[in-house]
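Chains as they are written, first to last, in my numbering: chain A, 5 to 117; chain B, 20 to 133. To keep things clear, I will list the structure first and then write my remarks on it.
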């Protein structure tokens, strides 16, 4: 078990392009979360999954953002028509069950030019 | 909704001294209070957590205290070492129910001077 894995580690894109990030949670963890972190701030909740079901989405998650977790394993976060304000670190985290410890991956650093 | 305030934003200590970081929360339903350490270019790493049925928890040089009445909790690091230098985040949530989203503080940059 190597922990939560995120790819890519860095992504540079031009405004208006679409980007997709991948997260592989710790094996057998049922809960998977996406957070966003901007410079000098703590992580902010975006959305979470219980197995393959997306149970909650933050108001931060505009219509340009979509997340999936097919088959309850890995998850993808897609941002369409990127804007400069989307530049941030996108963090994935997983936990065994509700109420259990939350473990984070190393994140994907997105820069929108 | 929950709001978590964290102080100080920066903290500089000499190696071997103690460091204390304090957080307050607003939602009385919060029952889970983890602390994360984040090094440059890495994701947050869970270092210690406490639940509301416990007032204090210790793990080697790290301890966390919780005052539910005052809605504040603190991280204590004793005998600090240069490798303790990082950004520390507190968080709070009503954990274990239907909604599980940690609300984080704004972080404390700890610098341990050799």
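Cβ atoms here follow ideal geometry from the backbone N, Cα and C, with glycine treated the same way.
Specify, as a first and last residue, the run of the beta strand (DSSP E) that residue i falls within.
i: residue 28/A; result: 23–28
i: residue 33/A; result: Unbroken run through residue 33/A: none, as it is neither H nor E.
i: residue 55/A; result: It is not in any beta strand (DSSP E) - residue 55/A carries neither H nor E in the DSSP assignment.
i: residue 29/B; result: 29–33
i: residue 70/B; result: 64–70
i: residue 111/B; result: 105–111
i: residue 88/B; result: Per DSSP, residue 88/B belongs to no beta strand (DSSP E) and is neither H nor E.
i: residue 8/A; result: It is not in any beta strand (DSSP E) - residue 8/A carries neither H nor E in the DSSP assignment.
i: residue 53/B; result: 51–57
i: residue 24/B; result: 23–26
i: residue 79/B; result: Taken as a continuous stretch (DSSP letters only), residue 79/B belongs to no beta strand (DSSP E), as it is neither H nor E.
i: residue 72/A; result: 69–72
Excluding the 5 residues preceding and the 5 following residue i in the sequence, name in chain order all residues of the same chain whose CB lies nearer than 6 Å to its CB.
i: residue 100/A; result: 33
i: residue 97/B; result: 37 and 80
i: residue 13/A; result: none
i: residue 115/B; result: none
Drop a sphere of 10 angstroms on the beta-carbon of residue i, count the other beta-carbons inside from all chains shown, and report buried for 16 or more, exposed for fewer.
i: residue 73/B; result: exposed
i: residue 106/A; result: buried
i: residue 85/B; result: buried
i: residue 22/A; result: exposed
i: residue 67/A; result: exposed
i: residue 73/A; result: buried
i: residue 95/A; result: buried
i: residue 42/A; result: exposed
i: residue 56/B; result: buried
i: residue 27/B; result: exposed
i: residue 29/B; result: exposed
Check the Cβ of residue i against every Cβ in chain D and list those closer than 9 Å, keeping chain order.
i: residue 92/B; result: Within the model displayed, chain D is absent; protein chains A and B are what it includes.
Report, in whole angstroms, the separation of the C-beta atoms of residue i and residue j, which I expect to be a contact under 8 Å.
i: residue 130/B; j: residue 104/B; result: 5 Å
i: residue 10/A; j: residue 98/A; result: Between residue 98/A and residue 10/A the Cβ distance is about 11 Å, and since that is not below 8 Å, they are no contact.
i: residue 86/A; j: residue 26/A; result: Between residue 26/A and residue 86/A the Cβ distance is about 17 Å, and since that is not below 8 Å, they are no contact.
i: residue 120/B; j: residue 82/A; result: The pair is not a contact, with the Cβ atoms about 21 Å apart (cut-off 8 Å).
i: residue 33/B; j: residue 132/B; result: 5 Å
i: residue 37/A; j: residue 48/A; result: Going by Cβ atoms, the distance from residue 37/A to residue 48/A rounds to 11 Å, so no, they are not a contact pair.
i: residue 71/A; j: residue 84/A; result: About 12 Å; that fails the 8 Å criterion.
i: residue 75/A; j: residue 104/A; result: Not confirmed; about 21 Å, so no contact.
Got a sec? Which residues, its chain only, sit under 7 Å from residue i by beta carbon, not counting five neighbours each side?
i: residue 102/A; result: 35
i: residue 49/B; result: 21, 111, 112 and 113
i: residue 70/B; result: 50 and 51
i: residue 30/A; result: 5, 7, 8, 98 and 107
i: residue 91/A; result: 114, 115 and 116
i: residue 65/A; result: 50 and 51
i: residue 87/B; result: 71
Leaving out five residues before and five after residue i in sequence, what residues of the same chain have Cβ atoms less than 8 Å from its Cβ?
i: residue 124/B; result: 23, 24, 25, 42, 108, 109 and 110
i: residue 15/A; result: 23, 25, 112, 113, 114 and 115
Q: Please list the residues of the region 74–99 of chain A that have a C-beta atom closer than 9 Å to any C-beta atom in chain B, keeping them in chain order.
A: 93, 95, 96, 97 and 99
Q | Under 8 Å (Cβ pairs) to chain A, residues found in the region 60–80 of chain B | A | 60, 61, 62, 63, 64, 65 and 68
Q. Between the region 54–75 of chain A and chain B, which residues of the former have CB atoms less than 7 Å from a CB of the latter, in chain order?
A. 60
Q) At a Cβ cut of 7 Å, what residues of the region 19–32 of chain A count as close to chain B, listed as they run along the chain? A) none
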